[in-house]
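This report concerns only the one structure given below.
Here it is in structure tokens:
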């Protein structure tokens, strides 16, 4: 007690080395002494040495957390958040890991906003590199955080653009193969501004230095634009007062020649543009008859995951015990499950007809948090009725090894322990049958 008292006096007096010395003496007598550890952490906090403060706070044992959690947890949350804010510019991955630790401690932490900013930057970087699929996933993950409505709206817009560009990137090779050499008006990267040139009567591209440029408001801005009409802020979405008007006028001009060229009468449909199109794709809800007894429908009122993903997954079912199953039959070629990946998720055994079973993990290197995903069950099957059985595997994947791929680690074993599977609905190219 004398060492602790002397350490506190030295800390208040700003004699930090003396304070640390006294607290260390107390810890020699009892390595788990809460007052000595807390005093030492307080000194490091006063010095601004957040890394050492973190190390000390994390040494507190379970008994200390149980008795003093109301003090220790906010201090550790604040530590993680401040460290992340200090390094997010130079080391965003480490900052992200610290912010997720803060959120684990306090689900309502201000760390949500900072983490969303980091994910937005990562999404922007992925866009610049042309990795549109990663950008879309990153923007989607950021939207799941507790953030302001304005920020969520901005992320949603960026996510939609990234998803469109990802679709276009994957579709264009198929389009080129079928159509030969199509004449495109232009492929606009995210840092370009699409405008309409009345003299040439074509859409052209004018490079700009910032993303999301707005319509000109001042006389100087209007003069700089000249006789060109600002069409779109991103090469995808037209401005309502200019771009939409151009489309409207184009439709109006085309109505007369279309009427003159048209001849009423029966028509023969040409070959489909894409023969294996997804016209028959649909989302089908799970029913109790498909599920074994251990499945529960999760209520957004009292389940955090169901509440967080309710806007994308109106219904969520969950099961945790190995051996729980989903059984169904469908007519068609492709079937997937709309589900979640996350820290407490396990693996699924997939059985289709008489094919060999396949094991599909619902955990990957990004699973320091939960996010939306799809489990591929069957692809390009022959037409007909197929039988599907999905079973929770008894073994967990090697989560530590998987996280290590991104230099992450299991900081809270209880949070990563589990064989959960969370499912929202069935995605089928065809139809589910009894």
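Residue numbers (the numbering used here): 40 to 473.
The C-beta atom is built at its ideal place from N, Cα and C for all residues, glycine as well.
Within the same chain, show all residues whose beta-carbon is closer than 8 Å to that of residue i, passing over the 5 residues directly before and after it, in chain order.
| i | result |
| --- | --- |
| residue 93 | 115, 118, 119 and 122 |
| residue 2 | There is simply no residue 2 to check, as the chain begins at 40 and stops at 473 in what is shown. |
| residue 73 | 99, 103, 106 and 107 |
| residue 353 | 463 |
| residue 368 | 424, 425, 426, 427, 471, 472 and 473 |
| residue 202 | 171 and 175 |
| residue 335 | 356, 357 and 358 |
| residue 329 | 365, 366 and 367 |
| residue 55 | 49, 82, 85 and 86 |
Tell me whether residue i sits in a helix, a strand or coil according to DSSP, three-state version.
| i | result |
| --- | --- |
| residue 281 | coil |
| residue 56 | helix |
| residue 356 | strand |
| residue 203 | helix |
| residue 296 | helix |
| residue 467 | strand |
| residue 460 | strand |
| residue 190 | helix |
| residue 368 | strand |
| residue 347 | helix |
| residue 319 | coil |
| residue 336 | strand |
| residue 405 | coil |
| residue 308 | coil |
| residue 167 | helix |
| residue 450 | coil |
| residue 331 | coil |
| residue 399 | strand |
| residue 325 | coil |
| residue 386 | strand |
| residue 276 | coil |
My understanding is that residue i touches residue j, with C-beta atoms under 8 Å, so please give their C-beta distance in whole angstroms.
| i | j | result |
| --- | --- | --- |
| residue 385 | residue 432 | 6 Å |
| residue 190 | residue 155 | 6 Å |
| residue 337 | residue 362 | Incorrect: roughly 20 Å between the Cβ atoms, too far for contact. |
| residue 275 | residue 200 | 6 Å |
| residue 401 | residue 380 | 5 Å |
| residue 439 | residue 449 | 6 Å |
Answer yes or no: do residue i and residue j have a C-beta to C-beta separation smaller than 8 Å?
| i | j | result |
| --- | --- | --- |
| residue 442 | residue 404 | yes |
| residue 429 | residue 365 | yes |
| residue 95 | residue 50 | no |
| residue 134 | residue 126 | yes |
| residue 208 | residue 171 | yes |
| residue 409 | residue 344 | yes |
| residue 370 | residue 458 | no |
| residue 377 | residue 466 | yes |
| residue 42 | residue 61 | yes |
| residue 194 | residue 181 | yes |
From this set, the options, which residue's C-alpha is nearest residue i's C-alpha?
| i | options | result |
| --- | --- | --- |
| residue 407 | 67, 446, 396 and 389 | 446 |
| residue 110 | 399, 76 and 40 | 76 |
| residue 65 | 83, 51 and 46 | 46 |
| residue 97 | 465, 79 and 87 | 79 |
| residue 139 | 466, 456, 421 and 451 | 451 |
| residue 146 | 342, 194, 298 and 84 | 342 |
| residue 128 | 112, 148, 158 and 113 | 158 |
| residue 422 | 401, 435 and 392 | 392 |
| residue 112 | 91, 148 and 124 | 148 |
| residue 453 | 461, 382, 437 and 394 | 382 |
| residue 333 | 57, 460 and 186 | 460 |
| residue 84 | 301, 68 and 59 | 59 |
| residue 151 | 163, 137 and 287 | 137 |
| residue 68 | 40, 54 and 153 | 40 |
| residue 322 | 315, 287 and 374 | 374 |
| residue 315 | 54, 394, 444 and 210 | 210 |
Sorted by chain position, which residues of the same chain lie with C-beta nearer than 7 Å to residue i's C-beta, five sequence neighbours on each side aside?
| i | result |
| --- | --- |
| residue 160 | 131 |
| residue 389 | 396, 397, 399, 416 and 429 |
| residue 88 | none |
| residue 349 | 339 |
| residue 57 | 49 |
| residue 317 | 468 |
Below 6 Å CB to CB, which residues in the same chain sit around residue i once its five sequence neighbours on both sides are set aside?
| i | result |
| --- | --- |
| residue 419 | 372 |
| residue 320 | 468 |
| residue 198 | 175, 178 and 179 |
| residue 249 | Here residue 249 scores only 32 on pLDDT, less than 50, and its place in the model should not be relied on; the value that follows carries that caveat. Here the set comprises nothing. |
| residue 206 | none |
I want to see whether chain B comes within less than 8 Å of residue i, judged by CB atoms only; does it?
| i | result |
| --- | --- |
| residue 102 | Among the protein chains of the structure shown there is no chain B, as only one such chain exists. |
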